[in-house]
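The sequence shown stops at residue 383 when you use my numbering, and every number in between is there.
The C-beta atom is built at its ideal place from N, Cα and C for all residues, glycine as well.
In this text the structure is predicted, and so the values were computed from the model without any measurement.
Step one of this worksheet: look at the structure below.
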Amino acid sequence: MKFGILGAGPAGLYAAILIKRSYPSATIKIFEQNPSDATWGFGVVFSDQALSFLTKDDPQTADLIEPYMEKWSEVNVTHQNETVVIDGVGFSSIGRLQLLQLLQKRAAEYDVVPVYNKKIENLAVFDDCDIVIGADGINSVVRAEAPDEFDERFSIIRNWFCWYGTNRSFDCLTQTFVETEYGFFNAHHYRYTPKLSTFIVECDENTFENVGFAELSEAESQNICESVFQEILQDASLVANHSIWRQFPVLNNRIWYRDNRVLIGDALHTAHYSIGSGTRLAMEDAIALVQALKESEFDYAKAFPKFQSERQATLRKITDASFNSGKWYEQFATHMSLPPCKFALSYIMRSGRISAEKLHGMSPKFAAELEARGIQIE
Ligand SMILES: Cc1cc2nc3c(=O)[nH]c(=O)nc-3n(C[C@H](O)[C@H](O)[C@H](O)COP(=O)(O)OP(=O)(O)OC[C@H]3O[C@@H](n4cnc5c(N)ncnc54)[C@H](O)[C@@H]3O)c2cc1C
6 MKFGILGAGP
16 AGLYAAILIK
26 RSYPSATIKI
36 FEQNPSDATW
46 GFGVVFSDQA
56 LSFLTKDDPQ
66 TADLIEPYME
76 KWSEVNVTHQ
86 NETVVIDGVG
96 FSSIGRLQLL
106 QLLQKRAAEY
116 DVVPVYNKKI
126 ENLAVFDDCD
136 IVIGADGINS
146 VVRAEAPDEF
156 DERFSIIRNW
166 FCWYGTNRSF
176 DCLTQTFVET
186 EYGFFNAHHY
196 RYTPKLSTFI
206 VECDENTFEN
216 VGFAELSEAE
226 SQNICESVFQ
236 EILQDASLVA
246 NHSIWRQFPV
256 LNNRIWYRDN
266 RVLIGDALHT
276 AHYSIGSGTR
286 LAMEDAIALV
296 QALKESEFDY
306 AKAFPKFQSE
316 RQATLRKITD
326 ASFNSGKWYE
336 QFATHMSLPP
346 CKFALSYIMR
356 SGRISAEKLH
366 GMSPKFAAEL
376 EARGIQIE
């Protein structure tokens, strides 16, 4: 049986690994437009239970990735120059390129080597394939060939963001909010190696226009961001990697497959980076898809509807939470009128998935601090 996979990001690579693991005689061709040692962005975080979604079924891959992860168990929210620590919020992180290279290594153990530097414009290259997996990210060619049939839905989170890195390490995931003469800025920053950190700068539409970011060069934008966050960057500078201003696209598809083609990962749905789940969801999609294929003896006509019906509800919970979180960020300038502790509470409750009871259990120190300050959790 022949599989065609478009995209060697986390979704495509992991799908290839899982297919070969359960169907060793399968032939797989994967095309990837980038070189094997290039990627955009810096580190990515995994929320909550980190790699627990892998450990039970695929300990080899989990064990390979685990040593490269940075971990912490609290989030710092800095607002009005005060840092509020929210305990009990576990995250782990890894460099995106590091993760891809580990998955490439694992795929090579199954003799799967993607064809790199090969941008696919149409799907004729997969004409000889029995099953085609669109793991080609937000601008998916597989989806673009039939957007109506996949019933794609797009919207945007209106804030602007720019993904930088920095050669400074931070103790944990930190959300820094700053008011400037131009307006309001936020940075999501966390280390992904002992010495390097992701540093995503975000601002609302008014601030973006006030600065005139749209007219500035990449270097000029970077200078402004460095001066806005000088206090936390200290002597470090920002590092760019295709760091351009963008608005986050929210994508969902009502239908996940068409004939012998199926979508997974960002080609199928996006999850706002503020909840750190896109990579995990992409890999979980691969797990669910290959499971459905296995249970249907690789008959895609049975497997694809099964994949969608069994995965949809779980996925929806996370994408809804991510949408709520993105919407909270759209309003962060308004929330900044709150004093630091109340602001941190608003931040941690933003996705709608944490009740007062859950917060007490998850973050006892933070809950106690709120109580001591007479702040009700609601
Ligand atoms: C600012 C920002 C921060 C983020 N932070 C996090 C985070 O902290 N944690 C997290 O889990 N997720 C995060 N994400 C999301 C995460 O990056 C994605 O959800 C994840 O990469 C999805 O994996 P994927 O394999 O589906 O798609 P991608 O990683 O986009 O991979 C798709 C691959 O397909 C290739 N491709 C596309 N079109 C073609 C073509 N025509 N021909 C050949 N190749 C093609 C691309 O080059 C790419 O390598 C963040 C996203 C952004 C924008």
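According to the DSSP secondary-structure assignment, His-194 is paired through a beta bridge with Thr-179, Phe-204. Contact annotation: Ala-129 and Ala-21 have beta-carbon atoms that are not nearer than 8 Å.
At least one heavy atom of ligand 1 is found less than 7 Å from the C-beta of Lys-124. Ranking Glu-87, Phe-47, Leu-23 by CA distance to the CA of Leu-343 puts Glu-87 first. By the Cβ test, the region 145-154 is not in contact with the region 20-38, since fewer than three Cβ pairs between them sit closer than 8 Å.
Secondary structure of Phe-253 (DSSP, three-state): strand.
Residue pairing by DSSP places Cys-167 opposite Val-206 in a beta bridge. Around the C-beta of Arg-266, 16 or more other C-beta atoms lie within 10 Å, and the residue is accordingly described as buried. Per DSSP, the continuous beta strand (DSSP E) segment holding His-84 begins and ends at 75-84.
Not one heavy atom of ligand 1 falls within 7 Å of the beta-carbon of Phe-189.
The Cβ-Cβ distance between His-277 and Gly-188 does not fall below 8 Å.
Assigned with DSSP and collapsed to three states, Val-94 falls in strand. Per DSSP, Gly-366 is one residue of the alpha helix (DSSP H) stretching across 361-367. In this structure, the C-beta of Ile-205 approaches ligand 1 to less than 7 Å from one of its heavy atoms. Ile-269: not part of any beta strand (DSSP E); DSSP gives it neither H nor E. Taking Ile-229 as the centre and dropping the five residues before and after it, the same chain places the C-beta of Val-216 closer than 7 Å to its C-beta, in chain order. Sixteen is the threshold: since fewer than 16 other Cβ atoms of the shown chains lie within 10 Å of the Cβ of Thr-319, the residue is exposed.
Counting C-beta pairs with one atom in each stretch, the region 155-164 and the region 47-61 have fewer than three that are closer than 8 Å, which means they do not touch.
Asn-191 is positioned such that its CB atom lies closer than 8 Å to that of Glu-207. Short note on Asp-132: C-beta not closer than 7 Å to any heavy atom of ligand 1. Taking the CA atoms as reference points, Phe-309 sits about 28 Å from Ile-280.
In this structure, Thr-203 and Pro-15 do not form a Cβ contact; the two beta carbons are roughly 16 Å apart against a cut-off of 8 Å. For Thr-32, the beta-bridge partners assigned by DSSP are Lys-7. By the Cβ criterion, the region 162-172 is not in contact with the region 61-75, since fewer than three pairs of Cβ atoms, one from each stretch, lie closer than 8 Å.
Taking 4 residues as the shortest admissible run, the region 296-344 contains the following complete alpha helix (DSSP H) segments, listed from N- to C-terminal end: 305-335, 337-340.
Relative to the non-hydrogen atoms of ligand 1, the Cβ of Asn-257 never comes closer than 7 Å to any of them. Look at Asp-92: its beta carbon is at least 7 Å from all of the heavy atoms in ligand 1. When the Cα atoms are used, Tyr-115 and Leu-256 turn out to be separated by approximately 32 Å. Ranked by Cα distance from Ile-249, the first of Gly-379, Trp-165, Thr-44, Gly-100 is Trp-165. If you check the CB distance, Phe-8 and Cys-134 come in under 8 Å. By the criterion of a C-beta distance shorter than 8 Å, Leu-69 is surrounded in its chain by Leu-107, Lys-110, Arg-111, once the five residues flanking it on both sides are discounted.
For Phe-58, the enclosing alpha helix (DSSP H) covers residues 57-60.
In the three-state scheme derived from DSSP, where H, G and I count as helix and E and B as strand, Leu-243 is classed as strand.
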